[in-house]
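Below is one structure, written out as structure tokens; the observations come after it.
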Amino acid sequence: MKTVEITRHKQAATGVKPMSTWAVFGDIYRREGIRGINKGVNAVALRQCTNWGSRMGFARLAENMIRSARGKKEGESLSALDKIASSTIGGALATWNQPIEVVRVEMQSAAKNASADRPAKLTVFNTLQYIYRNNGIRGLYRGVTPRIGLGVWQTVCMVSFADYVKDWVNKK
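In short: position in the sequence shown from 1, add 7, done, that's our numbering.
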């Protein structure tokens, strides 16, 4: 229903009184059942499963590369700037799964002007094919730039900063 909420805000901006959240929920539930409410949930789960693991993995890989370039041994501490740099790299590279996010948005889209070749029953794979067929590889990476920014700050906060918190707790 996340994408439906955005559509409602756009309606309100044009002067049309949007339906309440509960009215939208009831309408979707009557027409499509619980499956309609949870559209795109498989894409969400797939992206989330790959998201944090990728961020952590790429950040740790970057840490090891920075440690090696600085001539430090395994387990030696990196400077705060080195930790931020490794998290920046990790957060940016973790957007490799942006096509899954684009699929989620398309699956949850409440657009009434959907094209004739859009599959009636959307799955992760036929939605991926539909987007690629109509927009190519650029369509699958639509919106990746803001997501890189989001991934970078989240990774800096939740990987680098978390390491400092963990060290502080372990010293107590």
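Heads up, the beta-carbon is just placed ideally off N, CA and C, and yes, glycines get one too.
Determine the direct distance from the alpha carbon of residue j to that of residue i, and round the result to whole angstroms.
i	j	result
I155	N104	11 Å
N141	S27	33 Å
G78	S61	25 Å
M8	Y36	Because the pLDDT of M8 is 48, which lies under 50, any placement of that residue in the model is unreliable, and the question is left without a value.
R38	P25	18 Å
D170	G82	13 Å
Judging by CA-CA distance, which residue of the options is the nearest neighbour of residue i?
i	options	result
I73	G64, N177, L85	L85
E70	R42, A52, S167, D34	S167
M114	I35, A66, T57, V131	V131
S93	G47, G158, V23, V31	G158
R54	T102, A76, F65	T102
N58	L100, S122, R125	L100
A30	I44, G22, P126, T21	I44
Around the Cβ of residue i, are there at least 16 other Cβ atoms within 10 angstroms (buried) or fewer (exposed)?
i	result
I96	buried
K173	exposed
Return yes when at least one heavy atom of the ligand PLP lies under 7 Å from the C-beta of residue i, else no.
i	result
A20	This structure lacks the ligand PLP; in fact it carries no ligand of any kind.
Inside the region 43–89 only - beta strand (DSSP E) runs reaching at least 3 residues
Runs of the beta strand (DSSP E) inside the region 43–89: none found.
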